[in-house]
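> Submitted below is the structure of interest, expressed as structure tokens.
Numbering (the numbering used here), first residue to last: 4 to 89.
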């Protein structure tokens with residue numbers, strides 16, 4: 004990440020990475036589980052979020068709920084998580 008990106012887009016992506024890491028990893032006590040989730044956040048930023056424009060980053064990730072939906076949707080699409088049936 005970083006090649007060909009504006010300073011503003013880099014700032015937005017780093018801010019998003021920090022926010023998602025805090026949201027998704029804040030309550031994880033186990034080091035290996037936390038490290039795995041941090042790696043998933045990093046991969047999401049590098050593979051998916053980097054494709055958004057600066058405006059899309061601001062709009063699409065304006066709330067915790069929207070950020071979670073987009074990130075979790077990515078995890079589902081990539082087969083990184085599964086939703087258990089009740």
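Where a beta carbon is used, it is the ideal one built from N, C-alpha and C, also for glycine. Quick caveat: nothing in here was measured; it's all calculated off a predicted structure.
Identify, in the order they occur along the chain, each residue of the same chain with its Cβ nearer than 8 Å to the Cβ of residue 84, setting aside the five sequence neighbours on each side.
75, 78, listed in sequence order.
> Looking at the unbroken alpha helix (DSSP H) that takes in residue 87, where does it start and where does it end?
That residue, residue 87, is in no alpha helix (DSSP H); it is neither H nor E in DSSP.
> Three or more C-beta pairs closer than 8 Å, one from the segment 14-28 and one from the segment 65-74: is that the case here?
Yes, the segment 14-28 touches the segment 65-74.
> Reducing DSSP to helix, strand and coil, say where residue 65 ends up.
Three-state DSSP puts residue 65 in coil, outside helix and strand.
> What three-state label does DSSP hand residue 10 in the structure shown?
Reduced to three states, the DSSP call for residue 10 is helix.
> What does the alpha-carbon distance come out to for the pair residue 37 and residue 26?
Cα to Cα, the separation comes out at about 11 Å.
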